[in-house]
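Structure first, commentary second.
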Amino acid sequence: MDKIKVGIAGCLGRMGQELVKATTKDKRIKFVGGYDLKNSKTHSNDIFQGANIIIDFSSPAAIKGNVSLALSYKTGLVVGTTGLNHKETILLKKASKKIPILYSSNMSLGVNLLFELVRQTSLALKDIDYDIEISETHHKHKKDAPSGTAISLGEIASEGRKIPFSKNKVLNRTNKRNKRKIGNIGFAVTRGGEIAGEHTVSFIGDNDRIDLLHKASNRSIFVKGAVEAAVFLFKQKPGLYSMKDVLNIKPKSKKFTQ
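Heads up: the sequence shown begins at 5 in the working numbering, then just goes up one per residue.
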């Protein structure tokens with residue numbers, strides 16, 4: 005089997021540097037090069053020529069250029085960049101009609117299993133009076149808040165409850181003196197130290213509380229997921245994929261089973 009040729013956008017970032025190491029060591033992959041907006045010397049118009057897959061862990065500011073690059077070379081694109089706005093996600097959807105794209109706010113196996121647990125729990129409790137709160141903690145270097153993973157958890161919880169996320173998310177309570185409204189999904193953010201990532205979704209009832217929690221010990225789980233995503237995407241036709249496709253997590257039936 006020929007090695008999958010992989011390039012990395014955002015190669016000088018914290019995740020990017022780890023990905024360079026991982027793709028260099030992986031026997032299935034040939035690392036062909038990378039670039040980063042932090043250093044224009046790493047950028048070249050032909051740096052990804054011949055690449056099969058580009059892995060993007062850069063920034064929202066770079067996503068448009070990276071999509072254009074993937075389209076011009078007709079390469080698959082794995083996007084792990086968080087903090088994308090609606091316009092940028094639409095850009096990915098349009099581009100996926102021409103090239104295979106995999107986008108996930110979190111590449112780890114554990115978090116994607118957490119997504120499914122939150123989906124099922126929200127669905128099971130949608131007609132019962134449980135309040136939903138999401139808390140997340142990351143290292144002091146992280147710029148976006150709440151994290152992309154936390155937002156995804158909120159979106160999934162709202163899907164389970166059959167309510168619009170945009171109207172029920174509460175990102176800031178500091179300037180408001182209002183009682184909690186039915187259906188609200190609240191967020192709490194902590195930044196400090198070198199914490200790789202912690203996410204908790206709490207379902208809080210009058211008499212009990214259910215906490216679904218994931219803690220990342222280090223970044224290797226995200227790197228491993230991104231590498232597996234690249235290997236998966238290499239075999240795919242144009243379309244928009246997620247880590248659920250990589251992990252073969254099938255959609256659950258509407259009936260909740262214990």
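Ideal placement from N, C-alpha and C gives every residue a C-beta, glycine not left out.
What number of angstroms, rounded off, separates the C-alpha of residue i from the C-alpha of residue j?
i      : j      : result
Ser76  : Ala13  : 15 Å
Thr28  : Gly11  : 11 Å
Asp6   : Leu118 : 34 Å
His203 : Thr178 : 21 Å
Gly96  : Lys25  : According to the sequence as given, residue 96 is Leu; it is not Gly. Approximately 27 Å between the Cα atoms of the pair.
Lys173 : Ile155 : 9 Å
Ile33  : Ile189 : 41 Å
Pro150 : Lys239 : 33 Å
Ser170 : Lys68  : 24 Å
Gly54  : Ile160 : 37 Å
Cys15  : Phe52  : 13 Å
His90  : Pro104 : 19 Å
If distances are taken between C-alpha atoms only, which option among the options comes closest to residue i?
i      : options                          : result
Lys146 : Asn89, Leu81 and Ser62           : Ser62
Gly152 : Asn211, Ile136 and Thr85         : Thr85
Glu92  : Val205, Pro64 and Tyr134         : Pro64
Ala74  : Asp50, Glu137, Gly158 and Ile186 : Asp50
Gln21  : Val174, Phe35 and Ile57          : Phe35
Lys102 : Ile253, Asp30 and Gly243         : Gly243
Asn70  : Gly87, Phe238, Val250 and Asp40  : Asp40
Ser100 : Gly54, Asn222, Phe191 and Val82  : Val82
Leu129 : Asn56, Lys31, Ile208 and Val193  : Ile208
Ala192 : Ile136, Asp131 and Val250        : Ile136
Leu216 : Ser206, Gly187 and Ser72         : Ser206
Gly187 : Ile253, Ile94 and Asp133         : Asp133
Ile251 : Glu120, Ser72, Lys183 and Lys31  : First, the residue type needs correcting, since residue 251 is Leu and not Ile in the sequence shown. The shortest C-alpha separation from Leu251 is found at Glu120.
Note down, in chain order, each residue of its chain lying with its Cβ closer than 7 Å to the Cβ of residue i, except the 5 sequence neighbours on either side.
i      : result
Leu23  : Ile12, Ile59, Phe61, Val227 and Ala230
Met247 : Ser108, Met111, Asn116, Gly229 and Ala233
In chain order, what residues of the same chain have a beta carbon less than 6 Å from the beta carbon of residue i, not counting five sequence neighbours either side?
i      : result
Gly264 : Because the chain here runs from 5 to 262, residue 264 falls outside it and cannot be looked at.
Tyr245 : Leu106
Ala220 : Ala200 and Gly201
Short of 8 Å in beta carbon distance, which residues of its chain neighbour residue i, apart from the five on each side in sequence? Order them along the chain.
i      : result
Leu175 : Pro150 and Phe191
Arg223 : Arg18, Met19, Glu22 and Ala200
Asn56  : Ile8, Lys9, Val10, Thr79, Gly80 and Phe238
| 4-residue-minimum alpha helix (DSSP H) runs that sit fully inside the segment 77-111, ordered along the chain | 90-99
| said: Does the structure place the segment 113-132 close enough to the segment 159-176 that three or more beta carbon pairs sit under 8 Å? | reply: yes
| said: For the segment 191-198 against the segment 141-155, do three or more pairs of beta-carbon atoms, one drawn from each stretch, fall closer than 8 Å, so that the two count as touching? | reply: yes
| query | Where in the segment 197-255 do unbroken runs of the alpha helix (DSSP H), each at least 4 residues long, occur, reported from the N-terminal end onward? | reply | 224-237 and 247-251
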